[in-house]
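Notes to accompany the following structure.
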Amino acid sequence: MAGTGGADSRRAAARVVVFPLPFQGHISPMLQLAGALHARGLAVTVLHTEFNAPDPARHLEFDFVAVPDAIPETVAANGIAKILALNAAMEASGHVHGALASLMASASAEREGEPRRLACLVIDSTLTATQKATAGLGLPTLVLHTGSAACFRLFRSYDMLHDKGYLPSTESNLDMPIEELPPLLVRDLFDPSKLPNKEIGQMILNLATETTTNSSGPLHKLIASTNGGDTSLLDQDHSCIEWLDSQAPGSVLFVSFGSVVHVTQDEFTEIAWGLANSGKPFLWVVRRGLVLGVEKQQLPDGFESAMEGRGKVIKWAPQQEVLAHPAVVGFWTHSGWNSTLESIYEGVPMLSRPVFGDQLATGRYVADTWKIDVLLDGVLERGEIEKAITRVMDENTGVEIRGRAKELKEKVRMCLESSGSSQQAVDKLVDHILSL
Ligand code: UDX
5 MAGTGGADSR RAAARVVVFP LPFQGHISPM LQLAGALHAR GLAVTVLHTE
55 FNAPDPARHL EFDFVAVPDA IPETVAANGI AKILALNAAM EASGHVHGAL
105 ASLMASASAE REGEPRRLAC LVIDSTLTAT QKATAGLGLP TLVLHTGSAA
155 CFRLFRSYDM LHDKGYLPST ESNLDMPIEE LPPLLVRDLF DPSKLPNKEI
205 GQMILNLATE TTTNSSGPLH KLIASTNGGD TSLLDQDHSC IEWLDSQAPG
255 SVLFVSFGSV VHVTQDEFTE IAWGLANSGK PFLWVVRRGL VLGVEKQQLP
305 DGFESAMEGR GKVIKWAPQQ EVLAHPAVVG FWTHSGWNST LESIYEGVPM
355 LSRPVFGDQL ATGRYVADTW KIDVLLDGVL ERGEIEKAIT RVMDENTGVE
405 IRGRAKELKE KVRMCLESSG SSQQAVDKLV DHILSL
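The sequence shown begins at 5 in our numbering and counts up one residue at a time.
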């Protein structure tokens, strides 16, 4: 990146603290952003909870400071409740305020005669307590919204969606188009009133928009050294790459539902038989805890022999490497925003099965706006799964979505070139941080 000597020395004098929400889909983009800032000369401290702590050994370029989170184990198991509990505990304990105050003090004493100024804090959009904790410290705070800009706009439109009667949704209005937000249908909305604890759903929705002031492009490829393993909380099984090497180019369906989505036992069985009956080679990530309420999930009897060596099941994949592999021709995803961006970056068309939150709207955009997936909705049933796999991998639909995915891949890569829009956005962000 071009820069004057003055700008370079200002960068070298500035430190940024980042604080991710401790879940895989949020930790990865925050550390990718941190990497992009570090590559532009800023020093980075990662503030993190003890729960799902990132591994400092994988990021020697950053400093790490742990904040005690004091969350009971019973709450830790529940993703949504965990976010609220984290915020409440942080507000009550004052740990974040204390950690930031001492970071500010040590930053200014960091290098004799040339202290590194703590320029700002970057927080995940759901960490409101952290935003409050900075009050009185005089530390500017930026917010990273880790979902898509389109979903952010949607989440901000919830008052309008209620006023116009789209929400709460009913069985009869699920397929109604939302005129104000094309191409969304009512069924693509995350409807807090449908959750067992609707207050919690509404609070999460509020958190996702309340703190946010900014959003960004595909972060995972902004720095050359990024590979997905750096930010992965679980150990990735690299044996699958060797297996992919043995498969024909453009022949394998990759199946992975991210880090937090669950399926029921019945859905798990239908997915297994849908894959086995499709006759296609597949690589399936069955992570620990994927099946609701089951500690160690069992594949159905007869599944191993039915797949005749065509399939490989692993616990956690090097996902970005898998998507970049020439053997992979399609990606069955839950439409998490990171997975969607990673798939688009590699030009891999999708079979989308969004489950909750932002995934619902993302799946719709991928299907109706970018037209690079087959959307699988309704009850998960082996026959329907088999048909959807055929549409993605074989039929005319497959050829069309593959062509469009390739075009989009080219566009995304242009954004990441040195003068591309994503790089420029980070350059502007660095300028903004230095001006704080
Ligand atoms: C969550 C939400 O569910 C998602 O909708 C939101 O946009 C971000 O937070 P998650 O469900 O985990 O995230 O999905 P996703 O955003 O796709 O992130 C999963 C990450 O885990 C990806 O970066 C993916 O590369 C990685 N991963 C997944 C692996 O490294 N290996 C795997 O086997 C599966």
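Even for Gly, the Cβ is constructed at its ideal location relative to N, Cα and C.
Source: prediction; values computed, not measured.
Should L141 be flagged as near chain D, meaning a C-beta pair shorter than 9 Å? Of the protein chains in this structure there is only one, and it is not chain D.
Only counting the same chain, and skipping five residues up and downstream in sequence, which positions put a Cβ closer than 7 Å to that of N281? Here residue 281 is taken as the residue at index 277 of the sequence shown, counted from 1. So the list reads R386 and E390, once near-sequence residues are dropped.
Same chain, Cβ closer than 8 Å to F307, neighbours up to 5 away in sequence not counted: For the purposes of this step, residue 307 is identified with residue 303 of the sequence shown, where counting begins at 1. Around F307: A276, W277 and A280.
Which class does T145 belong to by DSSP, given the choice of helix, strand or coil? Residue 145 sits at position 141 when you count from the first residue of the sequence shown. Three-state result, T145: strand.
In chain order, what residues of the same chain have a beta carbon less than 8 Å from the beta carbon of I245, not counting five sequence neighbours either side? Residue mapping note: residue 245 aligns to position 241 of the sequence shown, counting from 1. So the qualifying residues of the chain are P322, E325, V326 and H329.
Could you tell me if T217 is buried or exposed, where buried requires 16 or more neighbouring beta carbons within 10 angstroms of its beta carbon? Walking along the sequence shown from the start, residue 217 turns up at place 213. Confidence at T217 is low in this model, with a pLDDT of 43, below 50, so the placement of that residue should be treated as unreliable; the coordinate-derived value is given next. T217 is exposed by the Cβ-count criterion.
Once the 5 residues before and after T273 are set aside, which same chain residues still bring their CB inside 6 Å of it? On the sequence shown, residue 273 is found 269 positions in, with the first residue counted as 1. Closer than 6 Å at Cβ, skipping near neighbours: P304.
With H, G and I counted as helix, E and B as strand and the rest as coil, what does DSSP make of F307? What you label residue 307 is simply residue 303 of the sequence shown in a count that begins at 1. It is helical.
Determine the direct distance from the alpha carbon of C155 to that of S32, and round the result to whole angstroms. Position 28 of the sequence shown, counting from 1, holds the residue named residue 32. Position 151 of the sequence shown, counting from 1, holds the residue named residue 155. Each residue's Cα considered, the two are about 19 Å apart.
Proximity winner among T132, A92, L143 and E95, relative to L104 (alpha-carbon distances): Counted from its first residue, the sequence shown places residue 104 at position 100. Nearest C-alpha to L104: L143.
Residues near L146 by beta carbon distance below 6 Å, same chain, minus five either side: The residue labelled residue 146 in the question sits at position 142 within the sequence shown. C124 and V126, listed in sequence order.
Segment contact, 8 Å Cβ cut-off, at least three pairs: the region 345-354 with the region 367-381: yes
CB contact flag (V378, T344, <9 Å): Taking the sequence shown and counting its residues from 1, the one referred to as residue 378 is at position 374. Taking the sequence shown and counting its residues from 1, the one referred to as residue 344 is at position 340. No; because the gap between Cβ atoms is not below 9 Å, this pair is not in contact.
Quick check on the DSSP output: what are the complete beta strand (DSSP E) runs of length 3 or more inside the region 10-76, in order along the chain? 18-23, 47-53 and 67-71
Leaving out five residues before and five after R395 in sequence, what residues of the same chain have Cβ atoms less than 7 Å from its Cβ? As a first step, residue 395 must be located in the sequence shown, where it is residue number 391. If the five residues before and after R395 are omitted, its C-beta is found closer than 7 Å to the C-beta atoms of V378, T401 and G402, all from its own chain and listed in chain order.
How many Å lie between Q302 and I318 at the Cα? In the sequence shown, the residue the question calls residue 302 occupies position 298. In the sequence shown, the residue the question calls residue 318 occupies position 314. The straight-line gap from Cα to Cα measures roughly 13 Å.
So, does the region 56-70 touch the region 164-179, judging by three or more C-beta pairs under 8 Å? no
Using 9 Å as the threshold, is the C-beta distance between R62 and D234 below it? As a first step, residue 62 is located in the sequence shown; it is residue number 58 there, counting from the start. As a first step, residue 234 is located in the sequence shown; it is residue number 230 there, counting from the start. Their beta carbons are under 9 Å apart, which means R62 touches D234 by this criterion.
Compute the minimum distance between the beta carbon of E65 and the heavy atoms of the ligand UDX, and state whether it is under 8 Å. The sequence position of residue 65 within the sequence shown is 61, counting from 1. No, since every heavy atom of the ligand UDX falls outside the 8 Å radius drawn around the Cβ of E65.
Heavy atom of the ligand UDX within 8 Å of A38 beta-carbon: As a first step, residue 38 must be located in the sequence shown, where it is residue number 34. No, since every heavy atom of the ligand UDX falls outside the 8 Å radius drawn around the Cβ of A38.
Where S112 falls, given that 16 or more other Cβ within 10 Å makes a residue buried: The residue you call residue 112 lines up with position 108 of the sequence shown. Exposed is the call here.
Identity of the residue in H99, L364 and W288 nearest A133 by Cα: Start at 1 with the first residue of the sequence shown, and residue 133 comes out as number 129. Nearest of H99, L364 and W288 to A133, Cα basis: H99.
Closest residue to V267 among H224, M94 and V290 (Cα-Cα distance): In the sequence shown, residue 267 corresponds to position 263, counting from 1. The shortest C-alpha separation from V267 is found at V290.
Any non-hydrogen atom of the ligand UDX within 8 Å of F156 CB: In the sequence shown, counting from the first residue as 1, residue 156 sits at position 152. The answer is no for F156.
Candidates R120, S260, A57 and L257: which alpha carbon is nearest A17's? Sequence index remark: in the sequence shown, residue 17 carries index 13 (1-based). Nearest C-alpha to A17: R120.
Rounded to whole angstroms, what is the Cα-Cα separation between H30 and L188? Sequence index remark: in the sequence shown, residue 30 carries index 26 (1-based). Sequence index remark: in the sequence shown, residue 188 carries index 184 (1-based). Roughly 24 Å between the two C-alpha positions.
Consult DSSP for R120 and reduce its assignment to one of helix, strand or coil. Stepping through the sequence shown from its first residue, residue 120 is reached at position 116. Coil at R120, not helix or strand.
Beta carbon of H338: closer than 8 Å to some heavy atom of the ligand UDX? Translated into the one-based positions of the sequence shown, residue 338 becomes position 334. It does: the Cβ of H338 is within 8 Å (strictly closer) of some heavy atom of the ligand UDX.
Consider the C-beta atom of G262 and the heavy atoms of the ligand UDX; say whether any pair is separated by less than 8 Å. The residue labelled residue 262 in the question sits at position 258 within the sequence shown. Yes - the ligand UDX has a heavy atom lying nearer than 8 Å to the Cβ of G262.
Would you say the beta carbon of S439 comes nearer than 8 Å to a heavy atom of the ligand UDX? Along the sequence shown, one-based indexing puts residue 439 at 435. No.
3 or more residues per run - each beta strand (DSSP E) lying fully within the region 258-342: 286-289, 315-318 and 332-337
Going by DSSP, name the residue or residues bridged to I127. Working through the sequence shown from its first residue, we reach residue 127 at position 123. BP columns for I127 point to F23 and V147.
Quick one, which of K284, G382 and L296 has its alpha-carbon nearest F335's? As a working mapping, residue 335 is identified with position 331 in the sequence shown. Here the closest residue by C-alpha is K284.
Can you tell me whether P322 sits near the ligand UDX, meaning its C-beta is under 8 Å from at least one heavy atom of the ligand? On the sequence shown, residue 322 is found 318 positions in, with the first residue counted as 1. Taking 8 Å as the cut-off, the C-beta of P322 counts as close to a heavy atom of the ligand UDX.
Regarding N342 and the ligand UDX, is the C-beta to nearest heavy atom distance less than 8 Å? Position 338 of the sequence shown, counted from the first residue, corresponds to residue 342. Yes.
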